[in-house]
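Enquirer: The structure's right below; bear with me while I get my questions together.
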Amino acid sequence: MKKFIPAFVLSLAATLLSGCDTHTSPTGRSQTLLFSESDMAQMGEASFAQMKQSLPINRNPQLNAYVNCITQRIVKQAGDTRHKHWEVVLFDSPQVNAFALPGGFIGVYTGMLNLAHTPDELAAVIGHEVAHVLSSHGNEQASRSEMKNFGLKAVDFALDMGEVEHRDMVMAALGLGAEVGITLPFSRDQETEADVVGLVLMAKAGFDPRAAVSLWQNMARAPGSQPMEILSTHPSHGSRIEELNEQIPHVMPAYQQAREDGIRECRPR
Ligand SMILES: [Zn+2]
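In mature numbering (1 follows the signal peptide of the UniProt record, and there is no 0), the protein residues as written are -18 to -1, 1 to 251.
Set out below in C-alpha cells:
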C-alpha cells in the first residue's frame, strides 16, 4: 500500500532537516544522519549484548585467536577515533553470517569460516562489515526509515532504549533484521560503498584484496546458504565481482606496501 505524504509534513521535514548536519560518506556521497554517534554506539552495544545472550559463543582458543588476529589488523587501519576499541565475538552457528555494529562490535558466525576459507577471504568479510560502520550506514538507514515515518514522530529523534518498536527498527537498520523479524537491509549504494571501503581496509592491512573476488565466487557457489547482511541487497554476484575487479588495481599498491612493511600472519586452525 502506497502512502501519500501531505505537503505540510514535507515542509516540516525540510525545516527540521535544515537544522541537521549534512555528512559526507567516505566515497563522497552526501548523507543525512539524524542520530548522534553516541546514540548509535549505545544502540550497537545494547544489540550486541542481546545477541551474546541469545546465541551460543564459540570458545575455541585457536579459532578465536585466528578471528581476532584478522580483526585487529583490519580495525587498526580504520583510523577512526570514534572507535578506539573493537570487540569481536565468534558465534557458534552454522549460518553464513557476519556483522559489525556502531560502537565497535563485530560478530562472526562459525558458518562463515566454512565459506571464507582463507585469512584473506575472512578479512574481506570483516573489512566489508567494518566499512559499513565507518561509513555510518546504520545511522543513515535508521534516519531514512525515521524520515519515512515522519508524520508519526517528527520531533523526538532521541533513541529510547525502552521503546521496543524503535529499537527493533534500528536493529533492522543495522542489518540485524533476521533477529527481530523485520528487514531494513542496507541499500545498494551502501553495499557498493562497503565493498570499496572494505577493499581499502584489507589491502592496507596486508590482506590480498583479490580474495574479495574469490569470496564472492564461494558465495555464488554456496547452495542454500542463509540470507545474511552481506547478501541482503545485492548487486548480483556477477556485477559485484565486476565492480570489485575494477577497484582491485587501485588498492594493490597499498597491499604490496603493507607486505613489504611486514605483517603478523593470521593462521587458521
Ligand atoms: Zn554489506
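Glycine included, each C-beta is placed from N, C-alpha and C at the ideal position.
1. Could you work out which residue in 83, 127 and 69 is closest to residue 115 when comparing CA atoms only?
2. In whole angstroms, give me the CA-to-CA distance for residue 77 and residue 94.
3. Hey, could you find the ends of the beta strand (DSSP E) residue 4 is sitting in?
4. Going by DSSP, what residues sit across from residue 14 in a beta bridge?
5. Let me know if residue 222 comes out buried or exposed under the rule of 16 or more other beta-carbons within 10 Å of its beta-carbon.
6. Below 7 Å CB to CB, which residues in the same chain sit around residue 196 once its five sequence neighbours on both sides are set aside?
7. Assuming residue 124 and residue 184 are in contact, meaning their beta carbons sit under 8 Å apart, how far apart are those beta carbons, in whole angstroms?
8. Within the present structure, is the beta-carbon of residue 80 separated from the nearest heavy atom of ligand 1 by less than 7 Å?
9. Select from 52, 5, 72 and 203 the residue whose C-alpha is nearest the C-alpha of residue 188.
10. Any heavy atom of ligand 1 closer than 7 Å to the Cβ of residue 110?
11. Ignoring anything shorter than 3 residues or poking outside the stretch 55 to 82, list the beta strand (DSSP E) runs there in chain order.
12. Is the beta carbon of residue 8 less than 8 Å from the beta carbon of residue 117?
13. Ligand 1 heavy atoms versus the CB of residue 114: any closer than 7 Å?
14. For the beta strand (DSSP E) that contains residue 87, what are its first and last residues?
15. Just to confirm my understanding: we take residue 137, look at its own chain, exclude 5 residues before and 5 after, and list those with CB closer than 6 Å. What are they?
16. According to the Cβ coordinates, are residue 219 and residue 236 closer than 8 Å?
17. Candidates 45, 31, 85 and 38: which alpha carbon is nearest residue 57's?
18. Across which residues does DSSP place residue 39 in a beta bridge pair?
19. From the DSSP output, in three-state form, read off residue 245 for me.
20. Are the beta-carbon atoms belonging to residue 71 and residue 80 less than 8 Å from one another?
21. Helix, strand or coil for residue 84? Go by DSSP, reduced to three states.
22. My understanding is that residue 30 touches residue 73, with C-beta atoms under 8 Å, so please give their C-beta distance in whole angstroms.
23. For residue 60, verify whether its CB is less than 7 Å away from any heavy atom of ligand 1.
24. Measuring only from the beta carbon, is residue 122 closer than 7 Å to any heavy atom that is part of ligand 1?
25. Is residue 192 helix, strand or coil when you go by DSSP?
26. State the DSSP-derived secondary structure class of residue 250, mapped to helix, strand or coil.
Expert: Straight from the coordinates:
1. 83
2. 7 Å
3. 4 to 6
4. 4
5. buried
6. 103
7. Going by Cβ atoms, the distance from residue 124 to residue 184 rounds to 27 Å, so no, they are not a contact pair.
8. no
9. 52
10. yes
11. 69 to 73
12. yes
13. yes
14. 87 to 91
15. Unreliable placement is indicated for residue 137, whose pLDDT of 38 sits below 50; no coordinate value is reported for it.
16. no
17. 85
18. 73
19. coil
20. no
21. coil
22. Contact doesn't hold; Cβ gap of about 11 Å is too wide.
23. no
24. no
25. coil
26. coil
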